[in-house]
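Visitor: If you read the protein sequences in the order shown, they are chains A and B.
Letter 202 of the first sequence, counting from 1, is numbered 202 in full-length UniProt numbering, and no numbers are missing.
Letter 164 of the second sequence, counting from 1, is numbered 164 in full-length UniProt numbering, and no numbers are missing.
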Amino acid sequence: MTPLDAKRPLQLNAQGQLQHFLSLDGLPRELLTEILDTADSFLEVGGRAVKKVPLLRGKTICNVFFENSTRTRTTFELAAQRLSADVITLNVSTSSASKGETLLDTLRNLEAMAADMFVVRHSDSGAAHFIAEHVCPQVAIINGGDGRHAHPTQGMLDMLTIRRHKGGFENLSVAIVGDILHSRVARSNMLALKTLGCPDIRVIAPKTLLPVGIEQYGVKVYTDMAEGLKDVDVVIMLRLQRERMAGGLLPSEGEFYRLFGLTTARLAGAKPDAIVMHPGPINRGVEIESAVADGPHSVILNQVTYGIAVRMAVLSMAMSGQTAQRQFEQENAQ
Amino acid sequence: MSLPNPAELIRQMATSLTTHLQHRAISEPRFIGIRTGGVWVAQALLQELGSESPLGTLDVSFYRDDFSQNGLHPQVRPSELPFEIEGQHLVLIDDVLMSGRTIRAAMNELFDYGRPASITLVCLLDLDAGELPISPDVVGATLSLSAQQRVKLSGPTPLELELQDLAL
Numbered sequence: 001m002t003p004l005d006a007k008r009p010l011q012l013n014a015q016g017q018l019q020h021f022l023s024l025d026g027l028p029r030e031l032l033t034e035i036l037d038t039a040d041s042f043l044e045v046g047g048r049a050v051k052k053v054p055l056l057r058g059k060t061i062c063n064v065f066f067e068n069s070t071r072t073r074t075t076f077e078l079a080a081q082r083l084s085a086d087v088i089t090l091n092v093s094t095s096s097a098s099k100g101e102t103l104l105d106t107l108r109n110l111e112a113m114a115a116d117m118f119v120v121r122h123s124d125s126g127a128a129h130f131i132a133e134h135v136c137p138q139v140a141i142i143n144g145g146d147g148r149h150a151h152p153t154q155g156m157l158d159m160l161t162i163r164r165h166k167g168g169f170e171n172l173s174v175a176i177v178g179d180i181l182h183s184r185v186a187r188s189n190m191l192a193l194k195t196l197g198c199p200d201i202r203v204i205a206p207k208t209l210l211p212v213g214i215e216q217y218g219v220k221v222y223t224d225m226a227e228g229l230k231d232v233d234v235v236i237m238l239r240l241q242r243e244r245m246a247g248g249l250l251p252s253e254g255e256f257y258r259l260f261g262l263t264t265a266r267l268a269g270a271k272p273d274a275i276v277m278h279p280g281p282i283n284r285g286v287e288i289e290s291a292v293a294d295g296p297h298s299v300i301l302n303q304v305t306y307g308i309a310v311r312m313a314v315l316s317m318a319m320s321g322q323t324a325q326r327q328f329e330q331e332n333a334q
Numbered sequence: 001m002s003l004p005n006p007a008e009l010i011r012q013m014a015t016s017l018t019t020h021l022q023h024r025a026i027s028e029p030r031f032i033g034i035r036t037g038g039v040w041v042a043q044a045l046l047q048e049l050g051s052e053s054p055l056g057t058l059d060v061s062f063y064r065d066d067f068s069q070n071g072l073h074p075q076v077r078p079s080e081l082p083f084e085i086e087g088q089h090l091v092l093i094d095d096v097l098m099s100g101r102t103i104r105a106a107m108n109e110l111f112d113y114g115r116p117a118s119i120t121l122v123c124l125l126d127l128d129a130g131e132l133p134i135s136p137d138v139v140g141a142t143l144s145l146s147a148q149q150r151v152k153l154s155g156p157t158p159l160e161l162e163l164q165d166l167a168l
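1) Give the single residue among B:Glu86, B:Val91 and B:Phe62 whose Cα lies nearest to the Cα of Ser79 of chain B.
2) Give the residues of chain B in contact with Asp40 of chain A, contact being defined as C-beta atoms less than 7 angstroms apart.
3) Roughly how many angstroms separate the alpha carbons of Val221 of chain A and Glu170 of chain A, rounded to a whole number?
4) Looking at the unbroken beta strand (DSSP E) that takes in Ala192 of chain A, where does it start and where does it end?
5) Determine, using beta carbons only, whether Gln241 of chain A and Ser188 of chain A come nearer to each other than 8 angstroms.
6) Out of curiosity, what's the CA-to-CA distance linking residue 358 of chain A and Ala175 of chain A?
7) So is Ala140 of chain A in contact with chain B if we call contact Cβ pairs under 8 angstroms?
8) Taking only the alpha-carbon atoms, compute the straight-line gap between Glu67 of chain A and Ala105 of chain B and give it to the nearest angstrom.
9) Which residues bound the beta strand (DSSP E) around Glu162 of chain B?
10) In or out: Gly295 of chain A buried (at least 16 other Cβ within 10 Å) or exposed?
11) Is Met113 of chain A buried or exposed, if buried means 16 or more other CB atoms sit within 10 Å of its CB?
12) Using a cut-off of 8 angstroms between C-beta atoms, extract the partners of Ala49 of chain A located in chain B.
13) Since Val122 of chain B is in the alpha helix (DSSP H), which residue starts that stretch and which ends it?
14) Among the candidates A:Leu172, A:Glu331, A:Leu12 and A:Ser125, whose CA atom is the shortest distance from the CA of Lys271 of chain A?
15) When Cβ atoms are compared, which residues of the region 58-72 of chain B fall closer than 9 angstroms to chain A?
16) Would a check of beta-carbon distances place Pro156 of chain B closer than 8 angstroms to chain A?
17) For the candidate residues B:Ser51, B:Leu58 and B:Ser144, whose alpha-carbon lies nearest to that of Met107 of chain B?
18) Just to confirm, is the Cβ distance from Gly37 of chain B to Asp95 of chain B under 8 angstroms?
19) Run the CB neighbour count on Ser298 of chain A, radius 10 Å, all protein chains shown included, and call it buried at 16 or more, exposed below.
20) Tell me, please, whether the CB atom of Glu255 of chain A is closer than 8 angstroms to any CB atom in chain B?
21) Do you know how far the Cα of Asp146 of chain A is from the Cα of Arg150 of chain B?
22) With Thr33 of chain A as the anchor, note down where its alpha helix (DSSP H) starts and where it stops.
23) By the 10 Å Cβ neighbour count, where 16 or more other Cβ atoms means buried, how is Met1 of chain B classified, buried or exposed?
24) Are the beta-carbon atoms belonging to Tyr306 of chain A and Thr161 of chain A less than 8 angstroms from one another?
25) At the 8 angstroms Cβ level, is Glu44 of chain A part of the contact set with chain B, yes or no?
26) Would you call Leu267 of chain A buried or exposed, if buried means 16 or more other Cβ atoms sit within 10 Å of its Cβ?
27) Hey, Thr60 of chain A and Asp116 of chain A are a contact pair by Cβ (cut 8 angstroms); roughly how many whole angstroms apart?
28) What residues in its chain sit with their C-beta under 6 angstroms from that of Val119 of chain A, if we drop five residues either side in the sequence?
29) Grab the span of the alpha helix (DSSP H) containing Tyr113 of chain B for me, first residue to last.
30) Can you pull the chain A neighbours of Pro74 of chain B, defined as C-beta to C-beta under 7 angstroms?
31) In chain order, what residues of the same chain have a beta carbon less than 6 angstroms from the beta carbon of Ser125 of chain A, not counting five sequence neighbours either side?
32) Quick one: what's got a C-beta closer than 8 angstroms to Val304 of chain A's C-beta in the same chain, skipping five residues either side?
33) Label His122 of chain A either buried or exposed according to how many other C-beta atoms from any shown protein chain fall within 10 Å of its C-beta, with 16 as the threshold for buried.
34) What three-state label does DSSP hand Asp105 of chain A in the structure shown?
35) Helix, strand or coil for Arg164 of chain A? Go by DSSP, reduced to three states.
36) Rounded to the nearest angstrom, how far is the Cβ of Leu250 of chain A from that of Thr208 of chain A, given a contact under 8 angstroms?
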């Protein structure tokens, strides 16, 4: 194994192509645009009678989920199947981990099954990065969400949603609303919007749900909903993450909804053609009113469809980058 | 070695294609160009035929058989077929026929949209280097190149052919 070039991020191979997909941090604009363009092509495949292409035929993809998920897991499965890969999903929280097997042992077993790619979701921040670095440098690792850190495929599907509905990022005002502190989606979205050239990124949240140092992302912080939503083109609502909240951050859910819930009346302050997004699962009456979630501004279900196309793009690009890297190493060894 | 003039080839091809389709009693063919050179040739051919038929475009990147060697083409674009494939007579158009692998990939993709009644293959150039049992029904010219040589088409207007030498 060749030692990793310290200046080259772990996610990119020697030619600058994607070989793992762990975080949007440090990825160049051209690469994000390439992911979106490739996803556009896969979206067309999803509209055909036969929704499958032979690209990853004979490859094996393991979805390893250490944390519960419905949407992310099923859309990753569908993405792999539509690329003709063989795919298995392990809910590790309900398998060997409960029998005492460590993360490393579980993954070494999967490696021995000659998997070409792992899609990993874990409640610890940095888990996917750790696996890519130490466990399986020859196997493409895709981050399906790690702790509070990153959810890069969700970030890219949100970017695809914005680009398809708004045409681009150059003149947009985008507001991210709610539980920013616990949200890996918020982090991935802020990074992606910045990289893609969005000039006005706002976060709206109570002070207790804002992480320290949020300004470093180049965003404007609002604690007042009406002020923050004024004339925005895109509203990204976040789920109130009750399972990550160890008490004391909010007086009550009712109080949160009263101040930060997205209602029809509040949405009226945004641009008339504003779109409303949400990564799901939505808590009706906690962060979003049903009339908004099901209303004409909502593109929440489109996001799910785009999610499959984005995941197909990322899976095929990372597999492609791994192949190129293996060839590069072989040629250098000769 | 001098390369033929694409505009002249297109004129001949239009005549041969008309004869070919008449012979097969095909009255309403559907035209499909393979991105990118094949689309340019198809546009020129439709213009020569005076046809207003919509042109389908095919990007075969997801169907290529060299993914394991070459990976994914970075500039893949959606295929656009503005008509039904099921039961239709298709005219598939490419610029340069070499190994035949692009045509195999294109046919695989087309069959994912439906079962065409027939496919007629039209190519500007046949390099006579087939690796698969695929040959054009209508061809502008057939050339034999050395192993080091390649032909590149630039376009869309004007269409121009250029000889490249890989050894240089």
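Think of the CB as a built atom: it goes at the ideal place given N, C-alpha and C, for glycine as much as any other residue.
Computed from a predicted structure; not experimentally measured.
Guide: From the atom records:
1) B:Phe62
2) Pro78
3) 20 angstroms
4) For Ala192 of chain A, no beta strand (DSSP E) encloses it; the enclosing alpha helix (DSSP H) starts and ends at Arg184 to Thr195.
5) no
6) Outside the shown range of chain A (1 to 334) lies residue 358 of chain A, about which nothing can therefore be said.
7) Closer than 8 angstroms: no.
8) 39 angstroms
9) Glu160 to Asp165
10) With fewer than 16 Cβ atoms within 10 Å of its Cβ, Gly295 of chain A is classed as exposed.
11) exposed
12) Contacts between Ala49 of chain A and chain B, judged by CB atoms closer than 8 angstroms, involve Asp112, Tyr113 and Gly114 in chain order.
13) Taken as a continuous stretch (DSSP letters only), Val122 of chain B belongs to no alpha helix (DSSP H), being part of the beta strand (DSSP E) at Ser118 to Asp126.
14) It is A:Leu172 whose Cα lies nearest to the Cα of Lys271 of chain A.
15) Residues of the region 58-72 of chain B with a Cβ closer than 9 angstroms to any Cβ of chain A, in chain order: Asp59, Ser61, Phe62, Tyr63, Arg64, Asp65, Phe67, Ser68, Gln69, Asn70, Gly71 and Leu72.
16) no
17) B:Leu58
18) yes
19) buried
20) Answer no: the Cβ-Cβ gap between Glu255 of chain A and chain B never drops below 8 angstroms.
21) Roughly 48 angstroms separates the two Cα atoms.
22) Arg29 to Gly46
23) exposed
24) yes
25) True, the Cβ-Cβ gap to chain B drops below 8 angstroms.
26) By the neighbour-count rule (16 or more Cβ atoms within 10 Å), Leu267 of chain A is buried.
27) 5 angstroms
28) Asn63, Phe76, Ile142 and Gly144
29) Arg101 to Tyr113
30) Glu34
31) Setting aside the 5 residues that flank it on each side, Ser125 of chain A is surrounded in the same chain by Asp146, Gly147, Arg148 and His149, each with a C-beta closer than 6 angstroms to its C-beta; the list follows chain order.
32) Arg71, Thr75 and Gly280
33) buried
34) Looking at Asp105 of chain A - three-state DSSP - the assignment turns out to be helix.
35) Three-state DSSP puts Arg164 of chain A in a helix.
36) Confirmed, Cβ separation roughly 7 angstroms.
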